Amino acid sequence: MESVPYLIAVIAVMTAATFLTRVLPFVILYKVADHPLLQYLGRFLPPVLMVLLLLYSFKQEAILSRAFLPELAGLLIVLVLHLSLRNALISILGGTGCYMLILQLALFV
Amino acid sequence: MSSSLNQTVFKATLPVMFGYIPLGMAFGVLFSDLGYHWLFACAMGVFIFAGAAQFLAVGLLANQAGLLEIFITTFLLNSRHIFYGISLMSGMQARGWRRLYLIFGLTDETFSLLTSTQPPAGVDKTAYQLRVTLFDQSYWVLGCTLGGWLGSQISFSTAGIEFVLPALFMVLAIEQYRHLRKPAPFLMALIIGLFVLLFISRDQMLLISILLSVAVLLLYRGGAKWNPYRI
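Chains A and B, in that order, are what the protein sequence lines are. Per this note's numbering, residue 345 is the first one in the first sequence, and the count goes up by one each step. Per this note's numbering, residue 2 is the first one in the second sequence, and the count goes up by one each step.
What follows is the structure in structure tokens.
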């Protein structure tokens, strides 16, 4: 897994893509920013993307099987924490801590 | 530069520090599981400087994702910046490398600080903005580096630490829902994502699902023009 040239290429590509999103409004997009199509995608694409990235971030063979119970429990904890406290850091680190406990104590085995 | 400017900026950026250092450390620890040298965790904080994208990078690296897929995914993940950045343009007087660095460092948190705080009296606006951005990035790089280094040293089990990634996207999804208040796009993404995962391709799930979702959104919008019950 340790391919350094691949890692460097990935860092370069992500640096370019991230900078592009930050520089675009300053170079061209301010002219078309209020185009209805861009507004529409800007409104509905982010939620779609978050759900897809959420799915993508799991070990994909485990989804929809019994082995997925710890993940579901972790997500539920994140949901409850975030709905009650609305502090992103607490939700993320709290949920991850609980998930690590569930996993390492083998609570669902 | 005066030390009072540093003090003012430090105070203004304190909340960002409390967010960036632990989150950067979580990234570093997670990244160190891939087996790369911790210096690369530091390098990612220096060059990419984007929280969600760096967490995603760990997943993409583990799956040996293709560079095109990585480019498109990163671009779309960060594309929310496009819709924020516009409002800062009039308030940015910097030119040359200073302007480039301010744009490069325009994270969600830096953006919110730059739009909600003012430089102290008598201080050049550009100097203040640069200092805020630099402090914020320093916290992030410090967190990434510490985490990457710790992750290669610590002996306690980090099994399950990879859950920071789904936890982060869960939080972002909840925030999106609070903002949008419509369940339909979330359900559509869930259905498309699961369908692609189960029946089409595991390896290319992200790219195919994104393209399918954009197609459905555009078709829906096209159809809605003739539909009186549009959203």
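C-beta: ideal position from N, C-alpha, C; glycine also. Note that the coordinates shown come from a computational prediction; the quantities given were computed from them, not determined experimentally.
- For residue 424 of chain A, the secondary structure class from DSSP, reduced to helix, strand or coil, is helix.
- Among the residues facing chain B, residue 349 of chain A is not included, as its CB has no counterpart in that chain under 8 Å away.
- With a contact defined as Cβ atoms closer than 8 Å, residue 57 of chain B and residue 78 of chain B qualify at about 6 Å.
- Taking 9 Å as the upper bound on Cβ-Cβ separation, chain B lies near residues 388, 389, 390, 391, 392, 393, 394, 395, 396, 397, 398, 399, 400, 401, 402, 403, 404, 405, 407, 408, 414, 415, 418, 419 of the region 388-419 of chain A.
- In the three-state DSSP reduction, residue 7 of chain B falls in the helix class (H, G or I).
- Listed by position along chain A, the residues whose Cβ is nearer than 9 Å to that of residue 57 of chain B are 358, 397, 400, 401.
- Residue-level contact by beta carbon fails for residue 450 of chain A and chain B, as no gap is shorter than 8 Å.
- In this structure residue 446 of chain A is in contact with residue 418 of chain A, their Cβ atoms being roughly 7 Å apart against a cut-off of 8 Å.
- Residue 382 of chain A is not a Cβ neighbour of residue 37 of chain B, given a cutoff of 8 Å.
- Counting of Cβ neighbours within 10 angstroms places residue 206 of chain B among the buried residues, the total reaching 16 or more.
- Along the region 160-176 of chain B, going in chain order, the ones with a CB nearer than 9 Å to a CB of chain A are 160, 161, 162, 163, 164, 165, 166, 167, 168, 169, 170, 171, 172, 173, 174, 175, 176.
- Counted as a single uninterrupted DSSP element, the stretch harbouring residue 94 of chain B is not any alpha helix (DSSP H), since DSSP gives it neither H nor E.
- With contacts defined as CB atoms closer than 8 Å, residue 398 of chain A and residue 171 of chain B qualify as a contacting pair.
- Separation of the CB atoms of residue 167 of chain B and residue 401 of chain A is rounded to 5 Å, and the pair is thereby assigned contact status at 8 Å.
- Rounded to the nearest whole angstrom, the CA to CA distance from residue 46 of chain B to residue 141 of chain B is 6 Å.
- Note that the region 383-392 of chain A does not touch the region 130-145 of chain B; fewer than 3 beta-carbon pairs, one per stretch, sit closer than 8 Å.
- Per the C-alpha coordinates, the member of B:203, B:186, B:208 positioned closest to residue 217 of chain B is B:186.
- Residue environment for residue 184 of chain B: exposed (fewer than 16 other C-beta atoms within 10 angstroms of its C-beta).
- B:48 is the residue among B:5, B:48, B:25 whose C-alpha sits nearest the C-alpha of residue 361 of chain A.
- For residue 40 of chain B, the closest alpha carbon among the candidates B:153, B:196, B:213, B:224 is that of B:153.
- Looking at the backbone, the Cα of residue 182 of chain B and that of residue 369 of chain A are separated by about 26 Å.
- For residue 429 of chain A, same chain residues with a beta-carbon under 8 Å away, outside a window of 5 residues either side, are 435 in chain order.
- Nearest CB-CB separation between residue 424 of chain A and chain B: not below the 8 Å threshold.
- Annotation: residue 430 of chain A is outside any alpha helix (DSSP H) and is labelled neither H nor E by DSSP.
- By the 16-neighbour rule on beta-carbons within 10 angstroms, residue 165 of chain B is buried.
- Think of a sphere of 8 Å around the beta carbon of residue 372 of chain A: no beta carbon from chain B falls inside it, the nearest being about 10 Å out.
- Residue ranges of uninterrupted alpha helix (DSSP H) with 4 or more members, entirely inside the region 153-199 of chain B and ordered along the chain, are 165-181, 185-196.
- The alpha-carbon separation between residue 55 of chain B and residue 4 of chain B amounts to approximately 33 Å.
- Counted as a single uninterrupted DSSP element, the alpha helix (DSSP H) harbouring residue 354 of chain A occupies residues 348-368.
- In this structure, residue 110 of chain B lies away from residue 223 of chain B, with their beta-carbon atoms at least 8 Å apart.
- In summary, the residues of the region 36-50 of chain B whose CB is separated from some CB of chain A by less than 8 Å are 36, 37, 41, 44, 45, 48, 49, 50, in the order they occur in the chain.
- Contact between residue 423 of chain A and residue 175 of chain B holds, since their C-beta atoms are separated by about 7 Å, short of 8 Å.
- Restricting attention to A:359, A:406, A:363, the CA atom closest to the CA of residue 103 of chain B is found in A:363.
- For residue 437 of chain A, the chain B residues whose C-beta falls within less than 9 Å of its own C-beta are 23, 24, 27, 165, 168, listed in chain order.
- Between residue 155 of chain B and the set B:115, B:34, B:25, B:17, the nearest pair of CA atoms involves B:34.
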